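J.:
Residue numbers (the numbering used here): 1467 to 2088.
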């Protein structure tokens, strides 16, 4: 317990420092909610009142506070978003993102506007565990269908991650963390996890430069109950250049590389789950932006190369390439009418004996009309040409109406009706053991209706959503020649529906709080891992202008396990975070205690979950 005492001593010392620095009466309250600018739902910088979607905006201050807990937990504190696997050991099991009961394949992830995915993964999705939270500047999440603007996979939501930009002068940031990774009821008597990072950024002769190196590691953990420990190591390199060729032409080049090695406990059967995987991920991206009178021409392009090796009694190698090009023109006719015309090309290749590949070519149009009365209309349509499934139309109709309730509060009523198209992934189509090249693409029809009430310090939202999938992609039962089953299409229409409630507020002009609840149910569908009832809460206590405390609460109701049979019990988790800023040196000290009460719970049967764990660290800027 020496480690626990030392870390708790650190926390008490920080409290003492904060008490000396400033009294509570002098803390200023910032404006947070009323008419902040959002971008992702329309690709134009519009006020929140002009957006017809439910948009979550996560700023740098909040991201910094979660550096010890990870991106998955941060995303899950917001309404309607669940990262399945966030409570498992970091990096040992790929994360899956659910928005409004959907699956990974229905959520599109963008990094600086560039689509990212992995054709060798089952759902052609992207594991957010590969991202370094320290390199993220902000996140915008659009909930609901956005396929007409962003293409396939954007059926239940879009997560747009913006990375940090280079400043005017060169600065070096160094970060080091120490912590524990233990299951419930284990003694916290040694440090066995942590990370370190170096980040250099600045501008030289008009060229912005970003260079970063980070490493995250853990060992002496047991993911499968009763099995041997599973070490994990991830090394990340980032390099970026940005600048202006002319006052009107901006550009940005970026390269990211991840090298991951881990003992991996996700095999079949679970009794033989002990094996190792090695992953190499390279991402290249190019962004250009050319302004002209009334509009701009934009290019977001990316190439991603994935290499994954599984070392077990059944060794498997996967290699895949993914090319994405999105060229679009934005034009503002006047203060009321905005439009986008674009072309998108995608090519995904999985390198195997059969070398399968798919290509998609899309033309799309999206328009926004902003009436001075407060009535706003967002219309979109897209034509998708798929090499295996020919042509498909998608569309969206998204009206909203905003008005002032009084001098302090603004109300918005929103609704949308959208169609999305999702083609099966290469794994689902062509895997020799489970694939099915007779699969049909999935069509989603989504409807939502709700309202938001906002002031400078408070916000409340209530949204009803309903989504139909036909024919949805499922993993079917065993059939002749496929002992463990294969991918297929459902023979019934599947419906997902639910209600989201969110309340962001301030207590005593001091404590920032966020509370949300989501109810999700299905007809003929599958909610594996997703509870019908879920509650998340965050309380942010600014002790001074230098010190703040975060308390996180998570309730997950009963849910069906991934085997579609086992009913898992509900559980509640509570987490503590402390951040303290120093002026000299320019540094941030932080402490987090995950699962304060050491609660035992199950995410995947026979797999361990994290008990009480402690992480502390420091970041310094020079």
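The beta-carbon is built from N, C-alpha and C at its ideal position, and this holds for glycine as well.
Model, not experiment: these values are computed from the prediction.
Exposed or buried, which one is residue 1673 when buried takes at least 16 other CB atoms within 10 Å?
T.: exposed
J.: Report the residue from 2020, 2014, 2040 and 2034 whose alpha carbon sits nearest the alpha carbon of residue 2054.
T.: 2014
J.: Could you check if residue 2079 is buried or exposed, using at least 16 other CB atoms within 10 Å of its CB as the buried criterion?
T.: buried
J.: Indicate whether residue 1600 and residue 1680 have their beta-carbon atoms separated by less than 8 Å.
T.: Taking 8 Å as the cut-off, the Cβ atoms of residue 1600 and residue 1680 count as close.
J.: In whole angstroms, what separates the C-alpha of residue 1634 from that of residue 1716?
T.: In a straight line, the C-alpha of residue 1634 is about 16 Å away from that of residue 1716.
J.: Name the two residues that bound the continuous beta strand (DSSP E) containing residue 1527.
T.: Here residue 1527 belongs to no beta strand (DSSP E); instead the alpha helix (DSSP H) covers 1526-1531.
J.: Rounded to whole angstroms, what's the CA-CA distance from residue 1512 to residue 1505? Just pull it up for me.
T.: 6 Å
J.: Within 10 angstroms of the Cβ of residue 1624, are there 16 or more other Cβ atoms? Answer buried if so, exposed if not.
T.: Residue environment for residue 1624: buried (at least 16 other C-beta atoms within 10 angstroms of its C-beta).
J.: Would you be able to state if there are at least three C-beta pairs under 8 Å between the stretch 1603-1622 and the stretch 1634-1651?
T.: Counting C-beta pairs closer than 8 Å gives fewer than three between the stretch 1634-1651 and the stretch 1603-1622, which falls short of the contact rule.
J.: Expressed to the nearest angstrom, what Euclidean distance is found between the alpha-carbon atoms of residue 1924 and residue 1971?
T.: 4 Å
J.: What is the DSSP secondary structure of residue 1652, reduced to helix, strand or coil?
T.: coil
J.: Can you grab the Cα-Cα spacing for the pair residue 1776 / residue 1950, in whole Å?
T.: Their Cα atoms are separated by approximately 20 Å.
J.: Give a yes or no on contact between the stretch 1580-1591 and the stretch 1875-1895, applying the rule of three or more CB pairs nearer than 8 Å.
T.: yes
J.: Helix, strand or coil, according to DSSP, for residue 1639 in the structure here?
T.: strand
J.: Out of 1798, 1784, 1781 and 1769, which one is the CA nearest neighbour of residue 1791?
T.: 1769
J.: Could you please give me the residues that DSSP links to residue 1618 through a beta bridge?
T.: Residue 1618 is not bridged to any residue.
J.: Take residue 1606 and list the residues in its own chain whose beta-carbon comes closer than 6 Å to its own, dropping the five residues that flank it on each side.
T.: 1506, 1523 and 1626
J.: Could you name the residues of the same chain whose beta carbon sits closer than 7 Å to that of residue 1999, not counting the 5 residues immediately before and after it, in chain order?
T.: 1985 and 2023
J.: Put residue 1469 into one of helix, strand or coil per three-state DSSP.
T.: Per-residue confidence for residue 1469 stands at a pLDDT of 39, beneath the threshold of 50, marking its modelled position as unreliable; the derived number appears in the next sentence. Of the three classes helix, strand and coil, the one that applies to residue 1469 here is helix, per DSSP.
J.: Give the straight-line distance between the Cα atoms of residue 2064 and residue 1707, rounded to the nearest whole angstrom.
T.: 45 Å
J.: So if DSSP puts residue 2137 in a beta bridge, which residue, or which two residues, is it bridged to?
T.: Beyond the ends of the chain as shown, which are 1467 and 2088, falls residue 2137; an answer cannot be given.
J.: Which residues does DSSP pair with residue 1865 in a beta bridge?
T.: 1843
J.: Taking Cβ positions, are residue 1697 and residue 1729 nearer each other than 8 Å?
T.: yes
J.: Which whole-angstrom value is the C-beta distance of residue 1884 and residue 1596, which I expect to be below 8 Å?
T.: That pair is no contact at about 29 Å.
J.: Which residues mark the beginning and the end of the beta strand (DSSP E) in which residue 1625 is found?
T.: 1623-1629
J.: Is it buried or exposed, residue 1490, if we count other Cβ atoms within 10 angstroms and call 16 or more buried?
T.: In this prediction, residue 1490 scores a pLDDT of 31, lower than 50, which makes its location untrustworthy; the coordinate-derived value is nonetheless stated afterwards. Exposed.
J.: Smallest Cα separation from residue 1743: which of 1759, 1850 and 1783?
T.: 1783
J.: Can the beta-carbon of residue 1862 be found less than 8 Å from the beta-carbon of residue 1882?
T.: Yes; because the gap between Cβ atoms is below 8 Å, this pair is in contact.
J.: Take residue 1931 as the anchor and find which of 1910, 1944 and 1809 has the nearest alpha-carbon.
T.: 1910
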